[in-house]
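Working notes, beginning with the structure itself.
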Amino acid sequence: MARICELTGKRPIKGTRIWRSGKAKKKGGIGMHVTAITKRRFFPNLQRVKAVVDGEVRYIRVTAKAIKKGLVVKPKKRTWTKEQQAAKTAAA
Numbered sequence: 069m070a071r072i073c074e075l076t077g078k079r080p081i082k083g084t085r086i087w088r089s090g091k092a093k094k095k096g097g098i099g100m101h102v103t104a105i106t107k108r109r110f111f112p113n114l115q116r117v118k119a120v121v122d123g124e125v126r127y128i129r130v131t132a133k134a135i136k137k138g139l140v141v142k143p144k145k146r147t148w149t150k151e152q153q154a155a156k157t158a159a160a
């Protein structure tokens with residue numbers, strides 16, 4: 069399964085991890101020196117959520133940013149309609 073947001077299309081990006089040694093100049097040292105650089109990947113913060121897509125409820129993988137922006141339409145949690153509930157309370 070790809071690590072891609074279904075709404076925004078955000079995907080992993082390439083980057084580097086940099087190791088440094090030494091004491092910073094502002095702390096009285098002679099400065100930081102790079103000792104190693106390795107490749108790495110930055111992954112999007114994907115969440116699996118239940119959402120309404122094209123009128124049907126299904127699980128999708130979206131980024132937390134898309135959820136915060138309100139791009140995800142969540143389904144109603146109840147399985148009954150207001151009319152059914154009103155009829156049930158009136159009968160009781």
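Each residue of the sequence shown is one higher than the one before, counting from 69 in our numbering.
Just so you know, even glycine gets a beta-carbon here, dropped at the ideal spot from N, CA and C.
Neighbour-count burial assignment, residue i, 16 or more Cβ in a 10 Å radius
{"i": "ALA70", "result": "exposed"}
{"i": "THR149", "result": "exposed"}
{"i": "THR103", "result": "exposed"}
{"i": "PRO112", "result": "buried"}
Anticipated Cβ contact below 8 Å, residue i with residue j, distance rounded
{"i": "ARG116", "j": "ARG85", "result": "ARG116 to ARG85, Cβ: 28 Å. No contact."}
{"i": "VAL140", "j": "VAL130", "result": "6 Å"}
{"i": "GLY97", "j": "GLY90", "result": "6 Å"}
Opposing strand residues paired with residue i [DSSP bridges]
{"i": "LYS118", "result": "TYR127"}
{"i": "PHE111", "result": "DSSP lists no partner for PHE111."}
Beta-carbon gap between residue i and residue j smaller than 8 Å
{"i": "GLU74", "j": "ILE135", "result": "no"}
{"i": "VAL125", "j": "LYS118", "result": "yes"}
{"i": "PRO80", "j": "PHE110", "result": "yes"}
The ligand MG heavy atom lying under 7 Å from the CB of residue i
{"i": "THR103", "result": "Among the components of this structure there are no ligands whatsoever, and the ligand MG is therefore not found."}
Let me know the beta strand (DSSP E) ranges lying completely inside the segment 79 to 108, each 3 residues or longer, listed in chain order.
-> 81 to 89
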